[in-house]
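Working notes, structure below.
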Amino acid sequence: MTTGIFKYIDPASYDPTETEPFKKAWGKVDGPGISYKLTERERKVTNLRGQESDFTTDTSGFALYNFPATEKTFTEDATVKSAYYAEVEALLRAKLPGVKKVTIFDHTIRRRTPGSARSPVQLVHVDQTPKAAEARVRRHLPEDEAEELLKGRYQIINVWRPIQNPASDFPLALIDWRSTVPEDFVAVDLLYPKEWRENGEVAPDPASISSTEGYEVKGETYMIAPNEGHRFYYVKDMTPEEVLLLKCFDSRSHAMTGGKTDIAHGTGHTAFVDPQTPVDAPGRQSIEVRCLVFYE
1 MTTGIFKYID PASYDPTETE PFKKAWGKVD GPGISYKLTE RERKVTNLRG
51 QESDFTTDTS GFALYNFPAT EKTFTEDATV KSAYYAEVEA LLRAKLPGVK
101 KVTIFDHTIR RRTPGSARSP VQLVHVDQTP KAAEARVRRH LPEDEAEELL
151 KGRYQIINVW RPIQNPASDF PLALIDWRST VPEDFVAVDL LYPKEWRENG
201 EVAPDPASIS STEGYEVKGE TYMIAPNEGH RFYYVKDMTP EEVLLLKCFD
251 SRSHAMTGGK TDIAHGTGHT AFVDPQTPVD APGRQSIEVR CLVFYE
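In terms of the UniProt record's numbering, the sequence shown opens at residue 1 and continues consecutively.
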């Protein structure tokens with residue numbers, strides 16, 4: 001067991017009843033601007049090694065498996081998409097009974113190295129809300145097929161793996177869904193710049209963190225509010241031969257069925273500083289592949 005300092009959304013800094021764009025809690029995707037404040041809590045973090053069978057995507061919202069990949073460095077996007085995506089789909093079909101279709105819609109590689117554009121995220125969150133999950137289905141599948149698939153069970157599962165070296169530095173912490181309550185999940189709008197150029201989005205005013213001028217709401221995510229009951233877990237020195245399945249949404253979850261099932265909705269997660277990490281540990285590198293998973 002270890003400890004960590006975790007950054008949550010501060011419940012005193014937003015109105016949970018507000019739904020109007022730009023009045024509802026928001027965060028910018030292109031920079032540090034957010035409308036809410038953060039609060040820190042120290043938490044115990046339990047190593048789940050030796051008790052892997054106690055955690056599944058249906059019960060806790062996450063699961064650990066040994067599943068080596070053919071790719072080792074993940075330096076070429078084309079290779080990741082052409083080869084690794086197929087391995088991820090094979091993993092999901094092998095570990096999740098009843099899967100009929102997998103649609104992989106993107107991936108993120110994080111390297112805690114000098115000059116890296118994407119470092120580990122230190123903020124307790126869940127990538128997708130129900131609204132965002134449905135939007136993903138409609139965005140990535142033909143209209144007729146999406147309508148049919150939305151009638152059945154579907155999930156968003158992130159497949160997370162260390163790259164090249166064990167993830168001792170900035171390991172991933174996960175909240176057991178069974179230790180959460182619905183009020184812990186705070187929907188936050190994602191703001192995108194309206195202006196586009198050939199090289200992508202352009203922030204209208206990079207110097208103005210608090211301004212929403214030039215932005216529009218184009219997504220939604222969950223920030224997690226603090227709860228003394230949260231049980232955090234991690235995989236000590238997780239290796240590149242191991243993968244974590246992190247559930248971000250499930251249409252048959254307790255939340256989506258009005259309490260008719262005991263199926264986990266999703267797992268809050270974040271990178272954290274482990275005080276037990278050796279000072280000479282190499283910087284964490286990881287790949288996270290995001291998948292829509294549909295069932296028979």
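Quick reminder that beta carbons are idealized off the backbone N, C-alpha and C, glycines included. These numbers come from a predicted model, not from an experiment.
Buried or exposed, going by whether 16 or more other CB atoms sit within 10 Å of the CB of A94? On the sequence shown, position 94 is the one that residue 94 refers to. A94 sits exposed, since fewer than 16 C-beta atoms from the chains shown fall within 10 Å of its C-beta.
Counting C-beta neighbours from all protein chains within 10 Å, is the total for E242 16 or more, i.e. buried, or is it exposed? Within the sequence shown, residue 242 is the residue found at index 242, counting from 1. So E242 ends up on the buried side.
Contact between the stretch 222-241 and the stretch 154-173 is defined here as three or more beta-carbon pairs at a separation below 8 Å; is this criterion met? yes
Taking all protein chains shown into account, do 16 or more other C-beta atoms lie within 10 angstroms of the C-beta of K24, making it buried, or fewer, making it exposed? Here residue 24 corresponds to residue number 24 of the sequence shown, with the count starting at 1. Buried is the label assigned to K24, since at least 16 other Cβ atoms lie within 10 Å of its Cβ.
Could you spell out where the beta strand (DSSP E) holding A264 opens and where it closes? Here residue 264 is taken as the residue at index 264 of the sequence shown, counted from 1. For A264, there is no enclosing beta strand (DSSP E), since its DSSP letter is neither H nor E.
Terminal residues of the alpha helix (DSSP H) in which H86 lies: By 1-based counting over the sequence shown, the position of residue 86 is 86. The amino acid occupying residue 86 in the given sequence is Ala; His does not appear at that position. Y85 to K95 is the extent of the alpha helix (DSSP H) around A86.
Alpha carbon to alpha carbon, how far is S53 from H269? Give it in angstroms, no decimals. Looking up residue 269 in the sequence shown gives position 269. Looking up residue 53 in the sequence shown gives position 53. When rounded, the distance between both Cα atoms is 19 Å.
So, is S251 buried or exposed, given that buried needs 16 or more other C-beta atoms within 10 angstroms? Within the sequence shown, numbered from 1, the residue matching residue 251 stands at position 251. The residue in question, S251, is buried, as its Cβ has 16 or more Cβ neighbours within 10 Å.
In terms of residue numbering, what span does the beta strand (DSSP E) encompassing P162 cover? As a working mapping, residue 162 is identified with position 162 in the sequence shown. Unbroken beta strand (DSSP E) run through P162: Y154 to P162.
Identify whether P193 lies in helix, strand or coil by the three-state DSSP scheme. Counting from 1 along the sequence shown, the entry for residue 193 is found at position 193. If DSSP states are grouped into helix, strand and coil, P193 belongs with the strands.
Could you check if D15 is buried or exposed, using at least 16 other CB atoms within 10 Å of its CB as the buried criterion? Translated into the one-based positions of the sequence shown, residue 15 becomes position 15. Flag for D15 reads exposed.
Around the Cβ of M1, are there at least 16 other Cβ atoms within 10 angstroms (buried) or fewer (exposed)? Here the question's residue 1 lines up with position 1 in the sequence shown. Label assigned to M1: exposed.
Just verifying my parser: in three-state terms, what is the DSSP assignment at H125? For the purposes of this step, residue 125 is identified with residue 125 of the sequence shown, where counting begins at 1. In this structure, H125 counts as strand in the three-state DSSP scheme.
Would DSSP call A255 helix, strand or coil? Start at 1 with the first residue of the sequence shown, and residue 255 comes out as number 255. Residue state, collapsed to three classes: coil.
What beta strand (DSSP E) runs, 3 residues minimum, are completely inside the stretch 30-73? 38-47 and 62-66
Take F6 as the anchor and find which of G258, K260 and Y233 has the nearest alpha-carbon. What you label residue 6 is simply residue 6 of the sequence shown in a count that begins at 1. Nearest of G258, K260 and Y233 to F6, Cα basis: Y233.
Relative to the C-alpha of A133, which residue among N158, R111, Q122 and L123 is closest? Taking the sequence shown and counting its residues from 1, the one referred to as residue 133 is at position 133. A133 has its Cα closest to that of N158, out of N158, R111, Q122 and L123.
Within 10 angstroms of the Cβ of S60, are there 16 or more other Cβ atoms? Answer buried if so, exposed if not. Taking the first residue of the sequence shown as 1, we reach residue 60 at position 60. By the neighbour-count definition (other C-beta atoms within 10 Å, threshold 16), S60 is a buried residue.
Going by DSSP in three states, K24 sits in which element: helix, strand or coil? For the purposes of this step, residue 24 is identified with residue 24 of the sequence shown, where counting begins at 1. In the structure shown, K24 sits in coil (DSSP, three-state: anything other than H, G, I, E or B).
Provide the residue(s) that pair with H107 in DSSP beta bridges, ordered along the chain. Sequence index remark: in the sequence shown, residue 107 carries index 107 (1-based). V289, per the DSSP bridge assignment.
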